[in-house]
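Its first residue numbered 2, the sequence shown is counted upward by one per residue in the working numbering.
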Amino acid sequence: MALSRLDSLYMAVVADHSKSPHHHGVLPDVEQLQLNNPTCGDVINLSVKFDGDVIEDIAFAGDGCTISTASSSMMTDAVIGKTKAEALELAEIFSLMIQGDHKDEDKLGEAKLLAGVSKFPQRIKCATLSWNALKKAIERSEL
């Protein structure tokens, strides 16, 4: 029964991030990076403002399922104020976690609540879309 309550809590947090996402919108004067998941139609537009090597601000917009939107919201919370290297490390930890490797997942903050997605392979792309967009935004910033 306790596991059931814990699962309910996790689902409530995910639903809350989906209904009221953090850092949702568009940053002015920042290049937008768009990625989509052709499997289900999720689309994310990510804008990241860097101050040197640090993610000063981040925002996302687009259309996505509950998991995609919640993951985007949780990702923005996890990486704001982090260096590019720290953000890339978190993206790698998230990617491994979503494939079933739960090493270092506590570093992800609330994003670790999406670990259960690993049981649903068809939803992994939904959960990783924003994290992949973040990786591309960091790569572009290095050019």
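The beta carbon of each residue, even a glycine, is placed where N, CA and C say it ideally should be.
None of the values given here were measured: they were computed from a predicted structure.
Residue 68 versus 131, 143, 36 and 136, residue with shortest Cα-Cα distance | 131
Give the straight-line distance between the Cα atoms of residue 141 and residue 30, rounded to the nearest whole angstrom.
-> 16 Å
Look at residue 51 and residue 25 and say whether their C-beta atoms are less than 9 Å apart.
-> no
Could one say the Cβ of residue 15 lies closer than 9 Å to chain C's Cβ atoms, at least one of them?
-> Here chain C cannot be found, since the structure has a single protein chain.
Determine the contact status of residue 116 and residue 49, defining contact as a CB-CB distance below 9 Å.
-> No, these two residues do not count as a Cβ contact at 9 Å.
Tell me residue 123's beta-bridge partners as DSSP assigns them.
-> Note: residue 123 sits in no beta bridge, so no partner.
Residue 61 Cβ short of 8 Å to the ligand ADP heavy atom set = In the structure on display, the ligand ADP does not appear, and there are no ligands present to speak of.
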